[in-house]
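Position 90 of the sequence shown, counted from 1, bears residue number 90 in the working numbering, the numbering being contiguous throughout.
Don't be surprised by glycine CBs; every beta carbon is placed ideally from N, CA and C.
Keep in mind it's a predicted model, so treat the numbers as computed, not measured.
Working notes, structure below.
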Amino acid sequence: MEQINSFEEWIGTLEEEGTLLLFVKTDNCSVCEGLLPQVAALEEDYAFPFYLANAAQVPELAGQLSLFTAPVVLLFKEGREFARFARFVPMADLKHRMDELELAGGQYE
Numbered sequence: 001m002e003q004i005n006s007f008e009e010w011i012g013t014l015e016e017e018g019t020l021l022l023f024v025k026t027d028n029c030s031v032c033e034g035l036l037p038q039v040a041a042l043e044e045d046y047a048f049p050f051y052l053a054n055a056a057q058v059p060e061l062a063g064q065l066s067l068f069t070a071p072v073v074l075l076f077k078e079g080r081e082f083a084r085f086a087r088f089v090p091m092a093d094l095k096h097r098m099d100e101l102e103l104a105g106g107q108y109e
């Protein structure tokens with residue numbers, strides 16, 4: 001899972017990749033720390049890339065994406081939000097939406 005360290009980096013990544021998963025956490029978030037390894041473990045099962053951002057370190061990202069809690073898992077297809085899961089993320093629901101995203105096609109490297 002690659003780290004996003006600035007809003008500009010996020011914009012460049014979204015334009016370049018188009019289809020991806022973004023995991024947004026914040027400092028001192030036990031739910032974030034518990035969920036992150038579960039989501040990261042899925043990365044090898046999917047063709048699209050996974051990214052991680054800390055809302056406390058990149059507040060503009062949180063503002064632009066209207067993130068009001070953490071953790072948030074966002075799926076993007078062709079640069080647009082495809083699905084959003086916030087705070088308590090049912091892993092079965094997340095996997096289902098990730099499968100839909102992958103079946104929807106797209107350019108993966």
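C-alpha gap between residue i and residue j, whole angstroms
| i | j | result |
| --- | --- | --- |
| F23 | Y51 | 6 Å |
| Q57 | Y46 | 27 Å |
| M91 | V31 | 13 Å |
| F85 | M98 | 12 Å |
| A83 | L75 | 5 Å |
| T13 | E44 | 19 Å |
Under 8 Å between C-beta atoms of residue i and residue j
| i | j | result |
| --- | --- | --- |
| A55 | A40 | no |
| P49 | E2 | yes |
| L94 | V73 | yes |
| L61 | I4 | yes |
| L36 | K25 | yes |
| K77 | L101 | yes |
Sheet register partners of residue i (DSSP bridge)
| i | result |
| --- | --- |
| E2 | Y51 |
| E75 | In the sequence on display, residue 75 carries Leu and not Glu. Per DSSP, L21 and A83. |
Residue span of the alpha helix (DSSP H) that contains residue i, given as start and end
| i | result |
| --- | --- |
| R97 | M91 to L103 |
| L35 | S30 to A40 |
| E43 | That residue, E43, is in no alpha helix (DSSP H); it is neither H nor E in DSSP. |
| A62 | P59 to Q64 |
Extent of the continuous beta strand (DSSP E) run through residue i
| i | result |
| --- | --- |
| A83 | R80 to A86 |
Candidates the options, of which the one nearest residue i by Cα
| i | options | result |
| --- | --- | --- |
| T19 | A104, G79, E8 and A62 | G79 |
Proximity test, Cβ basis, 8 Å: residue i and chain C
| i | result |
| --- | --- |
| S30 | The chain labelled as chain C is not found in the depicted structure, where only one protein chain is given. |
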